[in-house]
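Take a look at the structure below.
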Amino acid sequence: MPAEGYLGSGESSMDELESPEKVGVLHIHSTYSSDGTLSLAECQQVFRNRGYDFMAVTEHGQDFDAEKMKRFVEDCLSLSNQAFCVVPGLELEFYRDTKKTHILAIGITDFVADASPEGALDRVHDQGGVAILAHPRIDLHQEILQRLADRLDGIEVWNTKYNGHFAIPHNNLTLLAHLREAHPQLQGFAGIDFHWQSQYKDLYVALRAAGFHQQAIVSALRSGDFRIRKKQAVIDPGGQVLSMPTAADRLLGALQSPLRRSFQRARGISKWLGLPVPTALKRGVRRIIF
Ligand SMILES: [Zn+2]
Ligand SMILES: [Zn+2]
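Numbers given in this note's numbering equal positions in the sequence shown, counted from 1, plus 141.
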């Protein structure tokens, strides 16, 4: 359950707005994605029970076609009510050589089938959606960021599956600051990349929207009327850290980074050798160090 006073101290200009703040999680996968484990209705229940007002679902685009998209969007709408809003979206996948790029398209209702990321981003914006480079890595995404920076709405500066959940990923904030010099429209977003229960982390966004429905939430995300929050930590969409994590979380984050790197290296070696790591072992390790 998110803490009280989501938006933090009175320094926020959003406090002047009268609409009540809403809290929600971004980057959710249900069983509409091939690797999701909870149905959309179960996801809705999980996050509603945890005290959230909305979730932005971003299913894997490669698992979709136009017909499935239609069913998914209808499902999102039917699971939305006065207490909870389900925002539909996709996580679009692009390859160049062996480099994989994932783009979150939040708030879209039509399937996006474009083979090029440029075309796909235009389709996302045609529909009023928000386009975010998911889990960026400077070593992998430098070239694609140069190509797409003027079309993107932002980058996922904090993804708990990729960056851990204790410490703020400062390297991503540095990347955002650098990108914003030439592309000031880019904003930082945060997602939990949720596929199963133990991937739940209390990283969320708090926003003020002009109403409580899908379009109002999407438009608040697009215009940057939100804060990223994780317990005591608060980050604004421009990448400024307004409040630091607790000392205990900062310490755990510092311990977590080397463990995470070793795990990723071991996984890389086993992949290279063609030895699959048993899923149960992978999940067990993830539970401890991620
Ligand atoms: Zn992804
Ligand atoms: Zn994902």
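Quick reminder that beta carbons are idealized off the backbone N, C-alpha and C, glycines included.
Please read these numbers as outputs of a predicted model, since none were measured by experiment.
Judged by the Cβ position, residue 232 qualifies as a neighbour of ligand 1 at the 7 Å threshold, a heavy atom of the ligand being closer than this.
Within 7 Å of the C-beta of residue 243 there is at least one heavy atom belonging to ligand 1. Per DSSP, reduced to three states, the secondary structure at residue 181 is helical.
Sequence-distant Cβ neighbours of residue 287 in its own chain, meaning closer than 7 Å and more than five residues away, do not exist here. Taking the Cα positions, residue 218 is about 39 Å away from residue 398. The alpha-carbon of residue 415 is positioned some 43 Å away from that of residue 164. By the CB criterion at 8 Å, residue 230 and residue 321 fall outside the cutoff. When DSSP assignments are scanned along the region 259-303, the uninterrupted stretches of alpha helix (DSSP H) that are 4 or more residues long and fall wholly within it turn out to be 279-289. Between the C-alpha atoms of residue 264 and residue 243 there is a straight-line separation of about 16 Å. By the CB criterion at 8 Å, residue 330 and residue 181 fall outside the cutoff.
Between the region 290-302 and the region 221-228 there are fewer than three C-beta pairs closer than 8 Å, too few to call the two in contact.
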